[in-house]
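The sequence shown runs contiguously to residue 285 in my numbering. Think of the CB as a built atom: it goes at the ideal place given N, C-alpha and C, for glycine as much as any other residue. Note that the structure is predicted; figures quoted are calculated from it, not measured. What follows is a set of notes on a single structure, which appears directly below.
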Amino acid sequence: MDLMDGMQKAMRRMLMVRGVQSSTVRVGGQVVHHYQLEGQGKGPPVLLVHGLGGSANGFGRTFFGLARRFSRVLAPDLPGHGFSSEYRGGPVSVRNQFDVLRAYCEQVVREPALVVGNSLGGALAVTLAAECPQWVKALALVAPAGAELPEPVLGALLGAFSVRTTEDARALTKRLFHKAPLPALWLASELRKFYTTNTVKALTQEALETRASLEPEAVRNLAMPVLFLWGGSERLLPPEILAWYRTHLPVHAEVHVVEGFGHVPQMERPDELVSYLTRFADRTGL
Numbered sequence: 000m001d002l003m004d005g006m007q008k009a010m011r012r013m014l015m016v017r018g019v020q021s022s023t024v025r026v027g028g029q030v031v032h033h034y035q036l037e038g039q040g041k042g043p044p045v046l047l048v049h050g051l052g053g054s055a056n057g058f059g060r061t062f063f064g065l066a067r068r069f070s071r072v073l074a075p076d077l078p079g080h081g082f083s084s085e086y087r088g089g090p091v092s093v094r095n096q097f098d099v100l101r102a103y104c105e106q107v108v109r110e111p112a113l114v115v116g117n118s119l120g121g122a123l124a125v126t127l128a129a130e131c132p133q134w135v136k137a138l139a140l141v142a143p144a145g146a147e148l149p150e151p152v153l154g155a156l157l158g159a160f161s162v163r164t165t166e167d168a169r170a171l172t173k174r175l176f177h178k179a180p181l182p183a184l185w186l187a188s189e190l191r192k193f194y195t196t197n198t199v200k201a202l203t204q205e206a207l208e209t210r211a212s213l214e215p216e217a218v219r220n221l222a223m224p225v226l227f228l229w230g231g232s233e234r235l236l237p238p239e240i241l242a243w244y245r246t247h248l249p250v251h252a253e254v255h256v257v258e259g260f261g262h263v264p265q266m267e268r269p270d271e272l273v274s275y276l277t278r279f280a281d282r283t284g285l
């Protein structure tokens, strides 16, 4: 067992000691690991969807704050991420990741949820809301991907995931945070493993080859409450993504650029992220 694997398993054990259920389910023909925490609140379930190379562990520090306001907190590891097996059913693609997320909603969540998506998880959450609105009571997008980008900008973004050396891993890690924690920088050689999995490489290659993006009309037609959060210290995604979403989100969407947030506030500022989500829920009557 390597160091990062051990740290991820230690995080899982810590969550389980505090009452979080960790188990695997078979959805969409795939074996998926997920966390569940029963909440004390009257709000709908919260479904947390991580980004490329991330995992449900990244949301771990938000579970208990959310559980005070919502009825359940659920966080799956997408195929090839975290503790989930790699996708078994053909070539790895964003669409296959989405199909598993949709099946997870149908088989595990089983009711409309506040769906919170970060990065690639944000793009998947938008697709879920557009294609299967019956599962999305409200939508919260945290630095979401999915916007149409000029080819040079897209190439530069995906190039950041081309991690060949420890220094490359350290540079990418710095781009994820408002202020990268020193342990993450010290462990950059270990973090390379997150950025160089077969799944991450396949998904970045697909994005380079297809340049697929969300349809503007799908974003415009979102009828449920929408919260959009963008970090004032966002360094991974280009500002063109913020501009694209500002142009295409429906008029009722709330858009906030939050100072002190980087790309993954669930890891760096979990209490503040929970505060934004719960206040959004209060304002929209969830």
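Contact check, residue i vs residue j, beta carbons under 7 Å
| i | j | result |
| --- | --- | --- |
| VAL99 | GLN29 | yes |
| VAL26 | GLN133 | no |
| ALA124 | VAL108 | no |
| VAL31 | THR198 | no |
| ARG71 | PRO111 | no |
| LEU175 | LEU241 | no |
| GLN20 | GLN35 | yes |
| THR165 | ALA187 | yes |
| GLY284 | GLU258 | no |
| PRO143 | GLY121 | yes |
Residue i - DSSP class collapsed to helix/strand/coil
| i | result |
| --- | --- |
| LYS173 | helix |
| PHE279 | helix |
| GLU105 | helix |
| ALA217 | helix |
| GLU233 | coil |
| PRO14 | Here residue 14 turns out to be Leu, not Pro, going by the sequence shown. Correct three-state label for LEU14: helix. |
| PHE62 | helix |
| MET0 | In this predicted model, MET0 has a pLDDT of only 49, less than 50, meaning its place in the structure is not dependable; the value taken from the coordinates is given anyway. Correct three-state label for MET0: coil. |
| PRO249 | coil |
| GLY42 | strand |
| PRO180 | coil |
| ALA74 | strand |
For residue i, the nearest candidate out of the options (CA to CA)
| i | options | result |
| --- | --- | --- |
| GLY116 | LYS41, GLY145 and HIS32 | GLY145 |
| ARG68 | GLU37, TYR194, TRP229 and ARG11 | GLU37 |
| GLU130 | SER161, ARG101, ALA9 and LYS41 | ARG101 |
| GLU271 | ALA179, GLY64 and GLY52 | GLY64 |
| SER274 | LEU226, GLY79 and PHE82 | LEU226 |
Opposing strand residues paired with residue i [DSSP bridges]
| i | result |
| --- | --- |
| THR23 | HIS32 |
| LEU140 | GLY116 and PHE227 |
7 Å Cβ cutoff, residue i in contact with chain D
| i | result |
| --- | --- |
| ALA168 | Going by chain labels, chain D is absent from the structure shown, which holds only one protein chain. |
Whole runs of the alpha helix (DSSP H) within the segment 88-138, excluding any shorter than 4 residues: Within the segment 88-138, the complete alpha helix (DSSP H) runs of at least 4 residues are 93-103 and 119-130.
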